[in-house]
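Novice:
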Amino acid sequence: MFESYEVIQNAPMRDYTTLKLGGPADWLAFPRSGEEIAGLFREAREREMPVTVIGHGSNLLALDGGIRGLVIRVGKNMRGIHTEGRRMTVRAGTMLSAAAAEAAEQGLAGLEFASGIPGTAGGGVCMNAGAYDGEMSQRVTGAAGLDPDGREVRLSREELAFGYRRSAIAGRGITVTEVTFELEEGSPDAIRARMAELNRKRAEKQPLDQASAGSTFKRPEGYFAAALIDQCGLKGYVEGGAQVSAKHAGFLINRGGTSRDFLNLMRHVARVVEERTGVRLEPEIRVLGEETAE
Ligand SMILES: Cc1cc2nc3c(=O)[nH]c(=O)nc-3n(C[C@H](O)[C@H](O)[C@H](O)COP(=O)(O)OP(=O)(O)OC[C@H]3O[C@@H](n4cnc5c(N)ncnc54)[C@H](O)[C@@H]3O)c2cc1C
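Pasting the structure below:
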């Protein structure tokens with residue numbers, strides 16, 4: 026099956042997510058091009074297999090029972106950056122850090138906010154990733170990809186319909202293959218200094234040496250999830266092998282536990298915060314796959 030592609034059968038998702046959690050994906054593919062993705066879609070459809078698309082896995086909780094069907098990782102085999110004037114086009118598997126570094130090299134400002142976000146350009150567009158007052162929606166002018174039937178599509182910024190940590194990508198079942206940014210001219214040294222400053226702030230506040238998927242919950246309107254969790258006395262709270270980071274209460278971390286521990290911790294935190302503050306926390310991370318039987 027999937028003979029003409031780079032694939033792994035029974036691939037442990039813990040090896041492909043920054044949370045380092047998750048059972049096996051039946052099949053995990055590393056396509057090199059949009060054509061290969063379309064071919065994988067076709068083969069999966071012939072076998073009536075569900076398909077899941079991921080990037081670097083930095084916003085994912087894969088469950089212990091694993092993921093049925095085919096997981097397509099748009100990553101290492103689909104990287105590349107092309108700049109023309111102030112326009113930068115990157116293949117979807119390009120890491121945002123690499124795109125930001127190349128922009129600085131070319132004297133192009135506007136991606137500094139993204140340099141510390143540990144995901145791909147495709148995942149960044151899907152999530153409308155953002156930090157420090159910047160977000161993808163401000164810089165992305167369009168994306169190319171494939172619809173669920175494997176047909177090529179191009180989406181303008183308007184069609185991408187960016188919102189807070191979301192875009193039209195997931196709802197329309199589009200697999201992003203290329204992203205275009207419009208940047209501004211700037212001095213490479215000033216751009217690098219800004220990136221270094223933001224990354225220093227990030228390292229100071231966030232538990233970057235622990236397994237996490239970044240902020241577990243979305244920012245509820247008018248509040249900060251981390252402040253609410255802290256206020257409820259949950260900073261450092263442990264549930265099995267999962268913990269609310271003692272450094273940043275918005276980050277739930279995996280300390281050698283299971284996805285079940287992590288889900289239990291998420292539920293506990295959300296329940297306590299709602300009981301004590303009346304604010305409902307919604308997950309920012311995407312949960313994939315199946316739970317194991319109790
Ligand atoms: C330490 C740490 C810090 C973080 N800081 C931030 C931050 O400051 N700001 C922020 O917004 N996020 C942050 N994150 C979360 C995460 O890095 C972002 O959400 C990132 O954009 C996810 O990209 P990814 O490639 O890892 O996508 P994945 O986690 O693999 O996938 C996320 C979603 O995107 C979809 N997707 C991925 N690639 C594609 C594609 N090619 N086509 C279509 N859909 C696709 C997936 O289906 C899934 O729904 C952080 C995470 C960590 C671990």
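Okay, so the sequence shown: first residue is 26 according to our numbering, each after it adds one. Just so it is clear, CB atoms sit at the ideal spot from N, CA and C, and this is done for glycine as well.
So who's on the other strand from Val178, going by DSSP bridges?
Specialist: What you label residue 178 is simply residue 153 of the sequence shown in a count that begins at 1. In the DSSP output, where bridge partners are listed per residue, Val178 has Gly170.
Novice: Please give me, in chain order, every unbroken run of the alpha helix (DSSP H) with length at least 4 that falls completely inside the region 34-71.
Specialist: Qualifying alpha helix (DSSP H) stretches, in chain order: 59-71.
Novice: Leaving out five residues before and five after Gly155 in sequence, what residues of the same chain have Cβ atoms less than 7 Å from its Cβ?
Specialist: For the purposes of this step, residue 155 is taken as the residue at position 130 of the sequence shown. Closer than 7 Å at Cβ, skipping near neighbours: Phe138, Met161.
Novice: Which runs of the beta strand (DSSP E) fall wholly inside the region 151-236 and span at least 3 residues, in chain order?
Specialist: 165-171, 177-181, 200-207
Novice: Indicate, with yes or no, if ligand 1 has a heavy atom lying under 7 Å from the CB of Cys151.
Specialist: As a position in the sequence shown, residue 151 is number 126, starting the count at 1. Checking every heavy atom of ligand 1 against the Cβ of Cys151, one is found closer than 7 Å.
Novice: Determine the extent of the alpha helix (DSSP H) in which Leu290 is found, giving its start and end residues.
Specialist: Within the sequence shown, the letter at position 265 stands for residue 290. The continuous alpha helix (DSSP H) containing Leu290 extends over residues 284-302.
Novice: Report the three-state DSSP secondary structure of Gly147 (helix, strand or coil).
Specialist: Here residue 147 is taken as the residue at index 122 of the sequence shown, counted from 1. Helix.
Novice: Quick one: what's Leu313 bridged to in DSSP?
Specialist: Against the sequence shown, residue 313 aligns to sequence position 288. Answer is Ala87.
Novice: Could you check how far apart the C-beta atoms of Leu313 and Ile62 are, in whole angstroms? I think they sit under 8 Å.
Specialist: Here residue 313 corresponds to residue number 288 of the sequence shown, with the count starting at 1. Here residue 62 corresponds to residue number 37 of the sequence shown, with the count starting at 1. Wrong, their Cβ atoms sit about 18 Å apart, outside the cutoff.
Novice: Quick one: what's Leu133 bridged to in DSSP?
Specialist: Mapped onto the sequence shown, residue 133 falls at position 108. DSSP output for Leu133 lists Glu210 as bridge partner(s).
Novice: Only counting the same chain, and skipping five residues up and downstream in sequence, which positions put a Cβ closer than 6 Å to that of Ala219?
Specialist: Locating residue 219 in the sequence shown gives position 194, where the first residue counts as 1. It is worth fixing the name first, because residue 219 is Arg in this sequence and not Ala. Once the five neighbours on either side are set aside, the close Cβ partners of Arg219 are Glu137.
Novice: Can you tell me where the alpha helix (DSSP H) holding Leu253 begins and where it ends?
Specialist: As a working mapping, residue 253 is identified with position 228 in the sequence shown. 250-256 is the span of the alpha helix (DSSP H), which, as asked, contains Leu253.
Novice: Asn224: beta carbon under 7 Å from a heavy atom of ligand 1?
Specialist: Your numbering for residue 224 matches position 199 in the sequence shown. Because no heavy atom of ligand 1 lies under 7 Å away, the Cβ of Asn224 does not count as near it: no.
Novice: Short of 7 Å in beta carbon distance, which residues of its chain neighbour His273, apart from the five on each side in sequence? Order them along the chain.
Specialist: Counted from its first residue, the sequence shown places residue 273 at position 248. Within the same chain, His273 has close Cβ partners Lys230, Gln231, Pro232, Ala251.
Novice: Expressed to the nearest angstrom, what Euclidean distance is found between the alpha-carbon atoms of Val269 and Gly188?
Specialist: Translated into positions along the sequence shown, residue 269 becomes position 244. Translated into positions along the sequence shown, residue 188 becomes position 163. So the alpha carbons of these two residues sit roughly 27 Å apart.
Novice: Where do the ends of the beta strand (DSSP E) carrying Gly94 lie?
Specialist: Here residue 94 refers to the residue found at position 69 of the sequence shown. Note, Gly94: beta strand (DSSP E), 92-98.
Novice: Can you list, in chain order, the residues of its chain whose CB lies under 8 Å from that of Lys260, leaving out five sequence neighbours each side?
Specialist: Counted from its first residue, the sequence shown places residue 260 at position 235. So the list reads Ile254, Val269, Ser270, Ala271, Ala274, once near-sequence residues are dropped.
Novice: Classify Val263: buried if its beta carbon has 16 or more other beta carbons within 10 angstroms, exposed otherwise.
Specialist: Here residue 263 refers to the residue found at position 238 of the sequence shown. Classification for Val263: exposed.
Novice: Could you check what DSSP says for Leu121 in three-state terms: helix, strand or coil?
Specialist: Position 96 of the sequence shown, counted from the start, is the residue given in the question as residue 121. Correct three-state label for Leu121: helix.
Novice: Let me check understanding here. Comparing Cα to Cα, which of Ser212, Met74, Ala186 lies closest to Ala134?
Specialist: For the purposes of this step, residue 134 is taken as the residue at position 109 of the sequence shown. Minimum Cα distance to Ala134 is reached at Ser212.
Novice: Since Gly100 contacts Thr42 with CB under 8 Å, what's their CB separation in whole angstroms?
Specialist: Within the sequence shown, residue 100 is the residue found at index 75, counting from 1. Within the sequence shown, residue 42 is the residue found at index 17, counting from 1. Not confirmed; about 12 Å, so no contact.
Novice: State yes or no: is the C-beta of Arg164 nearer than 7 Å to some heavy atom of ligand 1?
Specialist: Taking the first residue of the sequence shown as position 1, residue 164 is located at position 139. No, Cβ of Arg164 sits at least 7 Å from all heavy atoms of ligand 1.
Novice: How many angstroms separate the CA atom of Arg98 from the CA atom of Glu109?
Specialist: In the sequence shown, the residue the question calls residue 98 occupies position 73. In the sequence shown, the residue the question calls residue 109 occupies position 84. The straight-line gap from Cα to Cα measures roughly 28 Å.
Novice: Nearest-angstrom Cα distance between Gly141 and Glu73?
Specialist: If you number the sequence shown from 1, residue 141 lands on position 116. If you number the sequence shown from 1, residue 73 lands on position 48. Each residue's alpha carbon lies about 38 Å from the other.
Novice: Measuring from the CB of His293, is there a heavy atom of ligand 1 at a distance below 7 Å?
Specialist: The residue given as residue 293 occupies position 268 in the sequence shown. Checking every heavy atom of ligand 1 against the Cβ of His293, none is found closer than 7 Å.
Novice: Leaving out five residues before and five after Asn289 in sequence, what residues of the same chain have Cβ atoms less than 6 Å from its Cβ?
Specialist: For this step, residue 289 is matched to residue 264 along the sequence shown. Around Asn289: Glu264.
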